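> I'd like to ask you about the structure that follows.
Protein chains in written order, with the working numbering: chain A, 1 to 383; chain B, 1001 to 1383.
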């Protein structure tokens, strides 16, 4: 039985992961759970899975959880520091990082430093600190197990294959809710328009990233760090049905694709059981019912975030970190309706251009950069 | 440098294989070539590749080849016996069997018995004698390397994977030229209607098999022998664009697919370079240009050959062999316009029902069965 800690257990990835663990009968012992604010669900999960410890970011929620679990011999850690302490534990086999945003970066680094394998859903970790994580992995021997459906697909297509024979990675993306919307009306987009994603049920931040297609840009950067493939050899193809989750083209122009129903439980389970395909508790893909798969090039005018991400990846160093933080803060401001939809790429572009670029940032550099970019985005005039 | 013999070098597979070998600079030394009747092309190939020996089935063509090559130190073998003698050579590393029809069976068995790996395009070998070939492989240690695009796709999807975790094989087929033709007009089909295949450039016999979809039925049987998957776990999906060449569904309902442009050089090269993906001399697949992939269930009323093949596979023993010989002879009679298109499945069904079934046929049993089924089909009344 493997010990697992789950960061963000009350979010979409965390809930799906616990579902997967239920179906893997006794393969995993849940040692740690963590939540931001959702104390009620965390208490329910803690009573069911009996972890050694839980972490709660929000102070009020932490008090609630502590009082509810006082008879359960579960240590309750509080705040950001509590979370980071739990992420540093080296007595677990695997840590699932289901956190959203750049706050997921430091827990990933802690787990990697502790020699723990990280099932990584938090794409910002590698976008912010790919270089650092790569170095720490080499020291500790820890592995990053991709949880994103796209990277899981690439990983599956590469099983038994040799990276020297890979020509190209083809990342698919649904194109989000605005793939066919009149581009002249993009400045009228409000959060409610963006929050209904056609295929995947995701959190608010990721849904906006999908609407701007920055999600795909971040995945291009993540692909670089997970598989060592350069920007020029990573292509984005819009595939609105989200059935093909990504592809690998080899030197003989043979293309392997991984497909499935759009259900995060498939890549989550694969990350936990790799290299095994354990039995599913969900339906099979029926391509005849799907009927048709379509493919188109992403429209770069509509989705300038894609180009920004490619440029950042080509410049490397702090450029992808500032791209990520600026995006995250701009998305939060858009969600509060303080800025417009097309202000998101505009702000990111400015932040990238104006920050002090460092080629090989330390973790301290990244934290300083995060503070700078956050201030920069919030100084942008309210509409 | 590996020594290769190529049976059927003047046919579609053979010509493509020599093209692939040209592009694999000096990886292969062509030791043997063979042709049925096309002496002119065989002489041209022999002068270019300088094999030790060639075989020619047709007597007149053999005389021509012998006279053209008399100064070239190339031994010319003649007739069926000459071919079988060359197929028994154990001083080659790999034999590509590009023969069409059940005449390809015995050369495959000879090569397997000689301990030579067989790059197998001749699907009839396994359909006729899967059981025998499996036993001989175990004794000699020889391997069957699939060349059919569908089986190459399955093989590629299985690289690094565990057969115990495979749920289903999904064989794709274009549906042939009559996928959408009014079924009430099927009795008016003549060879000229069938000989224009939408995607692949193939020989006449295979093109008719594609029109009846018996091609797909034979591939289901071949899949059984190549990968050990039972009929119930092999599904046919019609995919008119022929871009996805087949798929494997694993127990976690993750599906891997292999795709490419419809060019036989890809699977031929993969069989020769396995497990490597050597650089291509052909174009990459551009899914955006393709635009759309569609999927439908095969229409069993339109294509009764599919059901006949599944039933034969379930009964095993001589049943798949009689299916194959009856099909082959019926196709030849259809090509001579002696019988109608829908007579093909009708004759096969009768032959399957009336033959003396044997559970574990010997090679002698198979030869006798071949003679019986040939006589049976030719006794069918001319229309």
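Even for Gly, the Cβ is constructed at its ideal location relative to N, Cα and C.
The structure presented is a predicted model; accordingly, all values stated were derived computationally and were not measured.
Would you list, in sequence order, the uninterrupted alpha helix (DSSP H) runs of no fewer than 4 residues that lie entirely inside the segment 1-48 of chain A?
List check, alpha helix (DSSP H) in window: 12-23.
> Closer than 8 Å is the cut-off here; do at least three beta carbon pairs connect the segment 1276-1283 of chain B with the segment 297-317 of chain A?
Output reads no: the segment 297-317 of chain A does not touch the segment 1276-1283 of chain B.
> Take residue 114 of chain A and list the residues in its own chain whose beta-carbon comes closer than 6 Å to its own, dropping the five residues that flank it on each side.
Counted from its first residue, the first chain places residue 114 of chain A at position 114. Excluding sequence neighbours, residue 114 of chain A sits near 88 and 90.
> Straight-line CA distance for residue 73 of chain A to residue 370 of chain A?
For the purposes of this step, residue 73 of chain A is identified with residue 73 of the first chain, where counting begins at 1. For the purposes of this step, residue 370 of chain A is identified with residue 370 of the first chain, where counting begins at 1. Distance between the alpha carbons of residue 73 of chain A and residue 370 of chain A: 37 Å.
> So residue 83 of chain A and residue 34 of chain A are supposed to be a Cβ contact under 8 Å. How far apart are they, rounded?
Translated into positions along the first chain, residue 83 of chain A becomes position 83. Translated into positions along the first chain, residue 34 of chain A becomes position 34. Correct: roughly 6 Å between the Cβ atoms.
> Which one of B/1205, B/1236 and B/1132 has the shortest CA to CA distance from residue 1297 of chain B?
Against the second chain, residue 1297 of chain B aligns to sequence position 297. Nearest C-alpha to residue 1297 of chain B: B/1236.
> Note down the Cα distance separating residue 1015 of chain B from residue 1048 of chain B, rounded to an integer number of angstroms.
Stepping through the second chain from its first residue, residue 1015 of chain B is reached at position 15. Stepping through the second chain from its first residue, residue 1048 of chain B is reached at position 48. Between residue 1015 of chain B and residue 1048 of chain B, the C-alpha separation is close to 13 Å.
> Among all the DSSP beta bridges, which residues are the ones paired with residue 1136 of chain B?
Start at 1 with the first residue of the second chain, and residue 1136 of chain B comes out as number 136. Paired residue(s): none; residue 1136 of chain B is not in a bridge.
> Give the residues of chain A in contact with residue 1266 of chain B, contact being defined as C-beta atoms less than 9 Å apart.
Along the second chain, one-based indexing puts residue 1266 of chain B at 266. Residues of chain A passing the Cβ test: 252, 253 and 254.
> What span of residues does the beta strand (DSSP E) with residue 1173 of chain B cover, start to end?
As a working note, residue 1173 of chain B is residue 173 in the second chain. From DSSP, the beta strand (DSSP E) with residue 1173 of chain B extends over 1166-1173.
> Give the secondary structure of residue 1245 of chain B by DSSP, where H, G and I count as helix, E and B as strand, and everything else as coil.
Taking the first residue of the second chain as 1, we reach residue 1245 of chain B at position 245. Strand.
> Can you give, in chain order, each stretch of the beta strand (DSSP E) that sits fully within the segment 1326-1383 of chain B and has at least 3 residues?
Whole beta strand (DSSP E) segments, 3+ residues: zero.
> Using a Cβ cut-off of 8 Å (strictly closer), state whether residue 1297 of chain B contacts chain A.
Looking up residue 1297 of chain B in the second chain gives position 297. Closer than 8 Å: yes.
> I want to see whether chain B comes within less than 8 Å of residue 175 of chain A, judged by CB atoms only; does it?
The sequence position of residue 175 of chain A within the first chain is 175, counting from 1. No, because no Cβ of chain B sits closer than 8 Å to the Cβ of residue 175 of chain A.
> Using a C-beta to C-beta distance shorter than 8 Å, which residues of chain A count as neighbours of residue 1280 of chain B?
What you label residue 1280 of chain B is simply residue 280 of the second chain in a count that begins at 1. Ordered by position in chain A, the residues that pass the 8 Å Cβ test against residue 1280 of chain B are 251, 252 and 253.
> Just to confirm my understanding: we take residue 295 of chain A, look at its own chain, exclude 5 residues before and 5 after, and list those with CB closer than 6 Å. What are they?
Here residue 295 of chain A is taken as the residue at index 295 of the first chain, counted from 1. The answer, listed in chain order, is 237 and 239.
> Once DSSP output is grouped into helix, strand and coil, what is the label at residue 53 of chain A?
On the first chain, residue 53 of chain A is found 53 positions in, with the first residue counted as 1. Residue state, collapsed to three classes: strand.
> Along the chain, where does the alpha helix (DSSP H) that runs through residue 1227 of chain B open and close?
In the second chain, counting from the first residue as 1, residue 1227 of chain B sits at position 227. Residue 1227 of chain B -> alpha helix (DSSP H) spans 1214-1227.
> So the beta strand (DSSP E) residue 144 of chain A belongs to, where does it begin and stop?
In the first chain, residue 144 of chain A corresponds to position 144, counting from 1. Looking at the DSSP string, the run of the beta strand (DSSP E) that includes residue 144 of chain A is 144-146.
> Run through DSSP, which three-state label would residue 154 of chain A get?
Here residue 154 of chain A refers to the residue found at position 154 of the first chain. Three-state DSSP puts residue 154 of chain A in a helix.
> For residue 1067 of chain B, is the classification buried or exposed, using 16 other Cβ atoms within 10 angstroms of its Cβ as the cut-off for buried?
In the second chain, the residue the question calls residue 1067 of chain B occupies position 67. Exposed, by the Cβ-count rule.
> Is the Cβ-Cβ distance between residue 1012 of chain B and residue 1032 of chain B less than 8 Å?
Along the second chain, read from residue 1 onward, the residue named residue 1012 of chain B stands at position 12. Along the second chain, read from residue 1 onward, the residue named residue 1032 of chain B stands at position 32. In this structure, residue 1032 of chain B does not lie closer than 8 Å to residue 1012 of chain B by Cβ.
> In this structure, does DSSP put residue 303 of chain A in helix, strand or coil?
In the first chain, counting from the first residue as 1, residue 303 of chain A sits at position 303. Residue 303 of chain A: coil per DSSP, three-state reduction.
> Specify the secondary structure class of residue 1119 of chain B as computed by DSSP and reduced to three states.
Here the question's residue 1119 of chain B lines up with position 119 in the second chain. Residue 1119 of chain B: strand per DSSP, three-state reduction.
> Is there at least one Cβ from chain A nearer than 8 Å to residue 1027 of chain B's Cβ?
Along the second chain, read from residue 1 onward, the residue named residue 1027 of chain B stands at position 27. Output row for residue 1027 of chain B: interface = no.
> Beta strand (DSSP E) containing residue 109 of chain A: first to last residue?
Walking along the first chain from the start, residue 109 of chain A turns up at place 109. Looking at the DSSP string, residue 109 of chain A is not in any beta strand (DSSP E); the run it does join, the alpha helix (DSSP H), is 105-113.
> Just checking: is the beta-carbon of residue 165 of chain A within a distance shorter than 8 Å of some beta-carbon in chain B?
If you number the first chain from 1, residue 165 of chain A lands on position 165. So, interface residue.
> Buried or exposed: where does residue 1222 of chain B fall if 16 or more other Cβ atoms within 10 Å of its Cβ makes it buried?
Looking up residue 1222 of chain B in the second chain gives position 222. With 16 or more Cβ atoms within 10 Å of its Cβ, residue 1222 of chain B is classed as buried.
> Give a yes or no on whether 8 Å exceeds the smallest Cβ distance from residue 228 of chain A to chain B.
Walking along the first chain from the start, residue 228 of chain A turns up at place 228. No, its Cβ sits nowhere closer than 8 Å to a Cβ of chain B.
> Should residue 1286 of chain B go down as buried or exposed, given a rule of 16 or more other Cβ atoms within 10 Å for buried?
Here residue 1286 of chain B is taken as the residue at index 286 of the second chain, counted from 1. Counting Cβ neighbours within 10 Å, residue 1286 of chain B comes out exposed, since fewer than 16 surround it.
> I'd like the list of long-range same chain contacts for residue 30 of chain A, defined as Cβ closer than 7 Å, with 5 residues on each side in sequence excluded.
Position 30 of the first chain, counted from the start, is the residue given in the question as residue 30 of chain A. Once the five neighbours on either side are set aside, the close Cβ partners of residue 30 of chain A are 4, 6, 21, 49 and 51.
> So which of B/1018, B/1227 and B/1185 has the shortest CA-CA distance to residue 1166 of chain B?
Here residue 1166 of chain B is taken as the residue at index 166 of the second chain, counted from 1. Out of B/1018, B/1227 and B/1185, B/1227 has the C-alpha closest to the C-alpha of residue 1166 of chain B.
> If residue 1152 of chain B and residue 1270 of chain B are in contact, beta carbons under 8 Å, what's the gap, nearest whole angstrom?
Within the second chain, the letter at position 152 stands for residue 1152 of chain B. Within the second chain, the letter at position 270 stands for residue 1270 of chain B. Right, their Cβ atoms sit about 5 Å apart.
> Just verifying my parser: in three-state terms, what is the DSSP assignment at residue 1284 of chain B?
As a working note, residue 1284 of chain B is residue 284 in the second chain. Correct three-state label for residue 1284 of chain B: coil.
> Give the DSSP-derived three-state secondary structure of residue 1294 of chain B in the structure shown.
For the purposes of this step, residue 1294 of chain B is taken as residue 294 along the second chain, with counting starting at 1. If DSSP states are grouped into helix, strand and coil, residue 1294 of chain B belongs with the strands.
> Of all the options B/1331, B/1332 and B/1309, which has the alpha carbon lying nearest to the alpha carbon of residue 1384 of chain B?
Chain B is shown only over 1001 to 1383; residue 1384 of chain B falls outside these bounds and no answer can be derived.
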